[in-house]
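J.: I'd like to ask you about the structure that follows.
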Ligand code: HEM
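In the numbering used here, the protein residues as written are 143 to 286.
Right under this line is the structure:
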């Protein structure tokens with residue numbers, strides 16, 4: 143299910159489930175002209191790189207194929223749905239299996255459509271459909 147995972151990856155690029163995280167500066171640091179004193183808490187936000195057009199061409203466009211045949215590789219620490227470094231999400235592989243299993247079963251077992259196709263995503267702080275995602279759902283008849 144390689145392409146299905148590309149779809150999930152692209153979704154997490156545009157709407158990262160966790161929109162960032164915190165790190166503590168262990169020593170005085172200088173970054174792009176900013177001095178960050180030792181002990182400060184720094185917040186990293188994934189949208190800073192996920193929506194950077196120099197890293198992801200046409201970042202507002204939903205394009206799962208950007209994760210295959212990359213002309214330009216994604217620089218390290220730029221695609222961060224599961225974070226990065228020593229605290230990188232320990233459950234990322236499990237999350238991938240859960241995601242693919244859910245999509246596989248849902249697509250194979252049901253036909254569905256959104257009642258409000260223009261429904262937006264809000265944050266609570268996790269991404270959440272603003273209207274609760276009402277759908278019309280029908281069981282596929284070829285189910286055994
Ligand atoms: C789509 C699903 C998931 C997403 C988007 C996600 C995202 C994240 C992110 C952004 C972090 C912080 C990483 C960092 O600070 O660099 C994190 C940490 C963590 N995640 Fe996940 N996660 C997911 C699923 C899971 C699952 C299924 C588990 C466990 C079964 C899990 C367990 C953890 C743990 C234990 C940490 C803390 C790791 C540490 O501090 O060393 N996550 N996750």
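Just so it is clear, CB atoms sit at the ideal spot from N, CA and C, and this is done for glycine as well.
#1: Report yes if the C-beta of residue 229 is less than 6 Å from at least one heavy atom of ligand 1; otherwise report no.
#2: Exposed or buried, which one is residue 275 when buried takes at least 16 other CB atoms within 10 Å?
#3: Quick one: Cα of residue 181 to Cα of residue 167, how far?
#4: So, helix, strand or coil for residue 221, using DSSP?
#5: DSSP three-state call for residue 227: helix, strand or coil?
#6: May I ask you to report which of helix, strand or coil DSSP gives residue 238?
#7: Can you give me the start and stop residues for the alpha helix (DSSP H) that residue 144 sits inside?
#8: Could you pull the start and end residues of the beta strand (DSSP E) that residue 162 belongs to?
#9: On a Cα-Cα basis, can you pick out the residue from 232, 280, 283 and 258 that is closest to residue 273?
#10: Output yes or no for whether 7 Å exceeds the beta carbon distance between residue 148 and residue 206.
T.: So, from the listed chains and residues:
#1: Here the question's residue 229 lines up with position 87 in the chain shown. Relative to ligand 1, the nearest heavy atom lies less than 6 Å away from the CB of residue 229.
#2: Taking the first residue of the chain shown as position 1, residue 275 is located at position 133. An exposed status is given to residue 275, since fewer than 16 other beta-carbon atoms sit within 10 Å of its beta-carbon.
#3: Here residue 181 refers to the residue found at position 39 when the chain shown is read from its first residue. Here residue 167 refers to the residue found at position 25 when the chain shown is read from its first residue. Distance between residue 181 and residue 167, taken at the CA atoms: about 5 Å.
#4: In the chain shown, counting from the first residue as 1, residue 221 sits at position 79. Three-state result, residue 221: coil.
#5: Translated into positions along the chain shown, residue 227 becomes position 85. Correct three-state label for residue 227: helix.
#6: Here residue 238 refers to the residue found at position 96 of the chain shown. Residue state, collapsed to three classes: helix.
#7: Counting from 1 along the chain shown, the entry for residue 144 is found at position 2. DSSP places residue 144 in the uninterrupted alpha helix (DSSP H) bounded by 144-156.
#8: Position 20 of the chain shown holds residue 162. First-last of the beta strand (DSSP E) with residue 162: 162-166.
#9: Reading the chain shown from its first residue, position 131 is the one you call residue 273. Among 232, 280, 283 and 258, the Cα nearest to that of residue 273 belongs to 258.
#10: Position 6 of the chain shown, counted from the first residue, corresponds to residue 148. Position 64 of the chain shown, counted from the first residue, corresponds to residue 206. A contact, by the Cβ cut-off of 7 Å.
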